[in-house]
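See structure below.
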Amino acid sequence: MSTLARLRRVIASVPQGKVITYGQVAEAAGFPGAARLTVRALYGGAGLPWHRVVAAGGRIALMGEDGQEQRLRLSIEGVTFRGGRVRMELHGWVPRARRWHRER
DNA sequence: GCCTTGACAATTC
DNA sequence: AGAATTGCCAAGG
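-7 is the number of the first residue of the first sequence in our numbering; add one for each residue after it.
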């Protein structure tokens, strides 16, 4: 399992109406502190629910129209905002801890 | 291999 | 509140 594949697996695990932060994705994939890796994973990740990945504090990282697109997709799924940020206390997704050393 | 690039994050001023 | 600073890690040139 490649590094980026692990990150993408985490991203793919986020259900509709939920969101996760870049940092949490990296952490759940086994790279605490490497939030930027999540960005890389998103690049080649066709078919991923990219709109469910937000910056720390529920901020929308994308600027311009892409950001609007993300807000739209999220609100369609039932995600609510407050002051331009996703209400993490309501929609934050906590992925199950994975054990990457051995498959089961 | 070294250097740069990212849709980041936490800290500090 | 906002800018600057530093840490983080894999890919690609």
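Where is the CB? At the ideal position from N, CA and C, for every residue including glycine.
Just so it is clear, the structure is predicted and the values come from calculations on it, not from any experiment.
Proximity winner among the options, relative to residue i (alpha-carbon distances)
i   : options               : result
P41 : A47, G56, L66 and A26 : L66
R28 : G36, G37, A38 and V17 : V17
V46 : R32, T13, E61 and G70 : T13
Straight-line Cα distance separating residue j from residue i
i     : j     : result
R88   : A4    : 13 Å
G76   : I52   : 8 Å
G50   : G39   : 22 Å
Y35   : G15   : 16 Å
R79   : A48   : 11 Å
E57   : L(-1) : 25 Å
G59   : V71   : 14 Å
L64   : F23   : 30 Å
M(-7) : R74   : 38 Å
Residues near residue i in its chain [Cβ-Cβ closer than 6 Å; skip 5 each side]
i     : result
V2    : V17, A20, A21 and P87
E69   : Q8 and G9
R96   : Confidence is the limiting factor: at R96 the pLDDT is only 26, short of 50, which leaves the residue's position unreliable, though a coordinate-based value still follows. Contacts found: none.
L(-4) : A33
Beta-bridge pairing of residue i - partner residues as DSSP gives them
i   : result
G84 : V11
G20 : One point to set straight first is that residue 20 is Ala, not Gly, in the sequence displayed. The partner list for A20 (beta bridge, DSSP) is empty, contrary to what the question assumes.
A27 : BP columns for A27 are empty, so no partner.
V78 : F73
V2  : DSSP output for V2 lists no bridge partner at all.
Chain-order list of residues whose beta-carbon lies under 8 Å from that of residue i (same chain, five-residue window excluded)
i   : result
A26 : A18
Beta-carbon contacts of residue i that lie in its chain and below 7 Å, excluding the five residues immediately before and after
i   : result
T30 : L(-1), Y14, V17, A18 and V45
V6  : I12, P41, R44 and W85
L82 : T72
L54 : Q62
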